[in-house]
Structures are given as C-alpha cells and as structure tokens.
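> Right, I'll just put the structure down here and ask away after.
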Amino acid sequence: MNEQALLGLADDELVLGWRDSEWTGIAPMLEEDVAFSSIAQNEIGHARAVYSLLADDPDVLAFDRRLDEYRCAPLVELHLLEWAHTIARRWLYEVADEVRITALKEDSDPAVAGLAAKIDREEAYHRMHAEMWHERLRDEPRFRTAVEELWPYALGVLPAELRGELVTRVGLDNVEAVERGTHTDELGPLWEEMTIVRRSAPAGAQW
Amino acid sequence: MIFEVFRQERRGQPFEHAGSVVAPDADFAEAWAREQYGRRGESVALWLVPRDAIRDVEDWADEFDLKYRRVDGYSIKARLKEARERAGTAGAG
Amino acid sequence: MAAVEIPRDEQAFLEYVQSGGQVETADWMPEDYRAKLIKFIEMHGNSELMGVLPEREWILRAPTLQRKLALTAKVQDEVGHAQLIYRVVEDLGKPRAQCLADLVDGKAKFHNVFHYPTETWGDVGVIAWLVDAAAIISQKALLKCSYAPYARIMKKICWEESFHILHGRDVILAMVTGTPEQFELVQEALNRWWGPLMQFHGNPIPKDEDPMYLWRIKSQGNEEARQQFLDGYVPQIRELGLTVPDPKLRKRDDGVWEYTEPDWAELKHVVTGHGPKTEERLAFRRRFLEQEQWVRDVVLAA
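Chains as they are written, first to last, in our numbering: chain A, 1 to 207; chain B, 208 to 300; chain C, 301 to 602.
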C-alpha cells in the first residue's frame, strides 16, 4: 500500500476515534460508554501505529499537518451525535475496514503486513460489537434509514477495486461513492478543537 | 437480565465473583463484561451466569459436635509427651 | 441457622457493624441504614458520572496521542465505576433509571468538584492528580464499609484510581518542566481548584455525630480525610515550586495542618445544585438521556 493510502487509513482511524470519543459520558447506557471508549482507544492506537511507520513522531502527523493534508474519508468526518447514525457508521466502517485490512495483510512490505495482522486481531472485538448492534437494530426504521444515508460515504472509504466486496457484504446496491479527497465542512471545526491545546505552545513543546 | 460475572485472574486460579452486569442477552452481557472486567487484560477468563440460575445456599445445621471431622478436633500434645517419655525419646525435638 | 445471624434490632445491628460486622444484600438492615446507604452510594455513582463531563472536552483537545489515550482510559474508568456503583444501588432497591432521572432533574447530589468549569490543560493535570487523590483517600476508607457489596467494588475502584493519580502527576510534571507559560497554567489551575479541594471532604462534623460513621458506612471522619490529603499532597505540590494559595496553611508541631477555614456556605450552595456549571451539565446529560430513550427501549426490552 502506498504512503498516501496508509495515511488515509491512519487518518480514518484518528478521526473516527475522535468522533467515537464524543460519546464519552452521553452514550445510551453506561456499558456502551465504556465500550465506545475502548473502541476509540483502539482506533487512536491503530492510527498511532500506522503514523509511526511513516514518521519518527506520530504526533507530528496526527496534529501538525494543515487541514488539506489530511487524507481521511468523508464518512469519518461527519458529526453524528445520534445513536442510529453512530451505530450505522460503526457497522459500515467495520465492514469496509475488514475488506481493507484483509488486503493489507498481503502487503509486500512485511512491516505493513505485520501491523495489519495485529490491527485485524484487535478489530475482531469491534466487529463483534458492531454485529451485535446491527442484529438488534436491523428492524428499526431509523437505523435502516441511517445505513442508507451513509452508504455512499461507506463506499468512499475503499478504493474502487475493493468496493465490490463491500457491496456483497452489506447487501445494498452499488451507488456513486462520496470519494476521499474533498473534505466535508465538518473536518475544520474538528481539527480546530483537536489541535487547540497543541497549538497553544511552540512546536516541540512537551506535554 | 442480571448476569453474575466470575473472573479468573491467571490460568489455574479459581474463578472469583467479580460483580454483575444487566444485559438483554448473553451476547450483550459478554460484550459489556469483557469491557468491565477485562479491558486492561486483568482477566484470562470470565464466566457469565444468569442470576436466577444461581442457587443460594446459606443455612446449615450445627447441632452436634462435628470437630472429629476437622484438624482442630485433635489435640495430641499431652499423649505425644507421654509416649515419648515412655520410649525414652522425650529429649528429641 | 446461619453461622452469623444479623440481629434484627437496630441497637444490636449498630453494635454488630461497629464491631466490624459486615452485611450482605439479602440480610436484614434497619430502614435508616438502608436509606442512608442508598443515598450515600447513589451520590458516589452520580459523582463518577458527572466527573466525566468536565474532562471529556479535554479528551477531544489532548495535545498528544499518548495523553489522549490516557485521558480516555481514565474517564472510561469513571464511567465503569458509575456502572459498578449503580449496580449496588439497584440491588438495594433503587433502579438505575430512577437514579439517572433524579440526577438530571436536580433531585440528587454529586460532589462539589464536578460543578466547576475546566478552563485549561492545567486543569486536566490538577484534576487527575489532586481531585483523584482527594477521592482515593475517601475511597480507601470505604474498603471497610459495613455493607459488603459496596466494600467489594471499592477494591476494583481503588486499584483503577491509582493509575489516574500517576497520569495526573505526569501531566503536571511535563508542564512544570516545560515552558514558563505551561508552568503558569498549572499554578493558575491550582489557584482555582484549591478552594473546592479543601471543601471536598465535607465540613468537619465530629465522627460520633456523623451517621455515616456510626453505621460504619464510612470508616473515617471528614477532617481525618482532609488532614490525610494535606499530609500526602502539600509536600508534593511544594516540591515542584508551586504555591498553595492559602497563606495560613502550615503544619503544626503536633502534625495537624492549619488552614484558612473553607467556605462551607459555598459548599452547601454548590452541592444543592447551584454550582457554576451544574445546570449546563445536567441539561447536557438530560438532552442525551431523552434523545436515546428509544435505544434503551429497543435493547433492554425482552
């Protein structure tokens, strides 16, 4: 996988981890608050591990780039502080990510392939959690609506050659994807808040 | 449903009661108990048991002296001393 | 006949708990004991939950990935503690949904410190280090609570809190050895938090007038807890070159700390729901509680 694509993976995990941690303290039940926190931590951990393949200091990649230098997919940028949409995104992302990670485990670079295998093992619990919720909510109209709304964005997580697999697994028709490359309006405010403390001290300051 | 959670800290150790989780079914109970009792890798295994599957046993009849079945029912000091004196081995440890 | 029979008489029960006796969920207990227990434990659960809100903004703003992870894990623990604590309350007879409803309706209390704003990253360090330190002192005393199910969860809670304090101190140390501006952030946060910290353990009601102590729900008086806090943490604060903003603070020759009398009126005013951030935070929780009622209906239904 080339560097830009790896950066896309890392940025997806960073931003989705940030979005998932917005549920801290306000999830529908305390148990899910705890579960989402674990998922968010794992995602941040994955981002950090991938950034570390690309640079000496993962924090520099995570925090110190310009907005237009981030390579995350629009799906993860969306501000979705509503449970049906949040779970729809979780589920769609996990299915897409599994397709991506499965391909990455065959990467010609052993460091990348090895990291993908580690990520895959940790993702097993995310998939279990997402499937559990998908089972529970599949007949809920607002969940089905949310999945349909987010579906074009989910397709945009993957490169075109992997989308067929996603279509098969999710069972929805192939539609025009919301492609990676143009950020939504929602990334800007997220980046502002994410970097506000970091930017308050000179570069290289310790925290 | 209330599920009681038993956790094993290391292989070979007994499973100990750790707490309880309210969940709609065993899948949710598992997901949530994994979090509460294992997110730091502090347990190698969990048992989840619906509370109403547990039979609580708390009363015992203790009417007659059962000490003969336990170690504290035996006091051999006096007789041991006498036996040693007879055998002339009283000086030994 | 049980090996240990809980006496069904208030005076005998009092003697039983005061001599170290412990009580389980199904045991007989005086109505007053049960009522005070529920209220005390519920307030603890509420506090863990409300403590999440001041810190959650800073997860989103953490300046390094490591700090983001650590703060997320710390706050996660607080929610986990709330879950454990409300389970205990539920087994005593008050459903969690009722506790949460009472909380957002302003009918239940939570600790003073969670009614105040957090303003800078300095607050993040001060809270994780000193507020958690104050809390752990009370929590260690609860390990001997006469109500056994609560004492048992306190063990897990105390174990998890120990990393919080270390994390907090690490955040502070990074800042006090960083830029002068970062040092100032810490001092400024300390100046704002010292008052609430001194009020945290409650007014110095003598142990034998405190029903919580008489029932051995708490095994420590308020002043004893505060003295322990000062003993443990004033030296740690001062050794970093920070100033405790109380000119009267000093340790006497007999080992007792003297200090400016905390504002007990402020404490009462705050915990009865009039803190600077009380209404905003309760409204925030209430908004999401209502918004996601449908999720609980779908998931927790048979």
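For each residue, glycine too, the CB sits at the ideal point set by N, CA and C.
If the cut-off is 7 Å on Cβ atoms, which residues from the stretch 32-43 of chain A count as contacting chain B, listed in chain order?
Val34, Ala35, Ser38
> Between the stretch 211-219 of chain B and the stretch 181-197 of chain A, do at least 3 Cβ pairs fall closer than 8 Å?
Contact between the stretch 211-219 of chain B and the stretch 181-197 of chain A is absent: fewer than 3 CB-CB pairs across the two stretches fall below 8 Å.
> Could you give the residue range of the alpha helix (DSSP H) that holds C:Glu310?
Per DSSP, the unbroken alpha helix (DSSP H) holding C:Glu310 starts and ends at 310-318.
> Among residues of its own chain, excluding the 5 on either side of A:Ala177, which ones have a beta-carbon nearer than 6 Å to its beta-carbon?
Pro152, Leu155, Gly156
> Do the CB positions of C:Leu497 and C:Leu540 come within less than 8 Å of each other?
No, the Cβ-Cβ distance between C:Leu497 and C:Leu540 is not below 8 Å.
> Could you please give me the residues that DSSP links to B:Ala252 through a beta bridge?
B:Gln215
> Specify the secondary structure class of B:Pro257 as computed by DSSP and reduced to three states.
strand
> Kindly say whether C:Ala373, judged by its beta-carbon, lies nearer than 8 Å to any beta-carbon of chain A.
Closer than 8 Å: yes.
> Might you give, ordered along the chain, the residues of its own chain that have their beta carbon closer than 7 Å to the beta carbon of A:Pro208, omitting 5 neighbours on each side?
Lying before the first or after the last residue shown, residue 208 of chain A is absent from chain A, which here runs from 1 to 207.
> With distances taken Cα to Cα, identify the nearest neighbour of C:Arg387 among C:Arg356, C:Leu369, C:Thr418, C:Gly345.
Answer by Cα proximity: C:Gly345.
> Could you work out which residues of chain A lie near B:Arg246, taking near to mean beta carbons separated by less than 8 Å?
Val34, Ser38
> Please list, in chain order, all residues of the same chain as C:Gln528 whose beta carbon is under 7 Å from its beta carbon, the five residues on each side excluded.
Excluding sequence neighbours, C:Gln528 sits near Ile437.
> Are the C-beta atoms of A:Met194 and some chain B residue less than 8 Å apart?
no
> For the candidate residues C:Gly393, C:Gln383, C:Lys444, whose alpha-carbon lies nearest to that of C:Glu348?
C:Gln383
> If I follow the unbroken alpha helix (DSSP H) through B:Ala268, where does it start and stop?
Run containing B:Ala268: none; DSSP gives neither H nor E here.
> Note down, in chain order, every chain B residue with its Cβ under 7 Å from the Cβ of C:Gln383.
Gln243
> Any chance the stretch 96-103 of chain A sits against the stretch 556-564 of chain C, with 3 or more Cβ pairs inside 8 Å?
no
> Secondary structure at C:Ala602, three-state DSSP: helix, strand or coil?
Legend: pLDDT at C:Ala602 = 48, less than 50; position of this residue unreliable, value from coordinates given subsequently. Note: C:Ala602 maps to coil in three-state DSSP.
> Terminal residues of the continuous beta strand (DSSP E) containing B:Ser227?
223-229
> Residues of the stretch 439-454 of chain C with a CB closer than 7 Å to any CB of chain B: list them in chain order, please.
Ile453
> Does the beta-carbon distance from A:Arg180 to A:Ala73 come in below 8 Å?
yes
> Does B:Gly280 come within less than 8 Å of chain D when only Cβ atoms are used?
Chain labels in this structure do not include chain D; the protein chains are A, B and C.
> Assign C:Thr418 to one of two classes, buried (16 or more other C-beta atoms within 10 Å of its C-beta) or exposed (fewer than that).
buried
> Buried or exposed, going by whether 16 or more other CB atoms sit within 10 Å of the CB of A:Gly188?
exposed
> Distance cutoff 8 Å, beta carbons only. Does B:Arg217 sit that close to anything in chain C?
no
> How would you write the range of the alpha helix (DSSP H) that A:Pro202 sits in, first residue to last?
Unbroken run through A:Pro202: none, as it is neither H nor E.
> Report the neighbours of B:Ser227 on chain C: residues whose CB is nearer than 7 Å to its CB, in chain order.
Arg387
> What is the DSSP secondary structure of A:Arg138, reduced to helix, strand or coil?
coil
> If contact is defined by three or more beta carbon pairs under 8 Å, each pair taking one atom from either stretch, is the stretch 502-515 of chain C in contact with the stretch 578-589 of chain C?
no
> Have a look at C:His464 and C:Ala433 and give me their C-alpha separation to the nearest angstrom.
9 Å
> I believe C:Trp493 touches C:Val426 by the beta-carbon criterion, under 8 Å. Please report the beta-carbon distance rounded to the nearest angstrom.
5 Å
> Starting from the C-beta of C:Ala362, find all residues in its chain whose C-beta is less than 7 Å away, skip the five residues before and the five after it, and write them out in chain order.
Around C:Ala362: Lys368, Leu371.
> Let's test the definition: count the other Cβ atoms within 10 Å of the Cβ of C:Glu461 and tell me whether it reaches 16, buried, or not, exposed.
Buried: at least 16 other Cβ atoms inside 10 Å.
> Just reading off the alpha helix (DSSP H) that C:Phe410 is part of, what are its end residues?
Unbroken run through C:Phe410: none, as it is neither H nor E.
> Tell me which residues share the same chain as B:Gln219 and place their Cβ nearer than 6 Å to its Cβ, disregarding the 5 neighbours each side in the sequence.
It should be pointed out that residue 219 of chain B corresponds to Gly in this sequence rather than to Gln. When the five nearest sequence neighbours on each side are left out, no beta carbon in the same chain lies closer than 6 Å to the beta carbon of B:Gly219.
> How about A:Val95 and A:Val175: do their beta carbons lie closer than 8 Å?
For A:Val95 and A:Val175, no; Cβs fall outside 8 Å.
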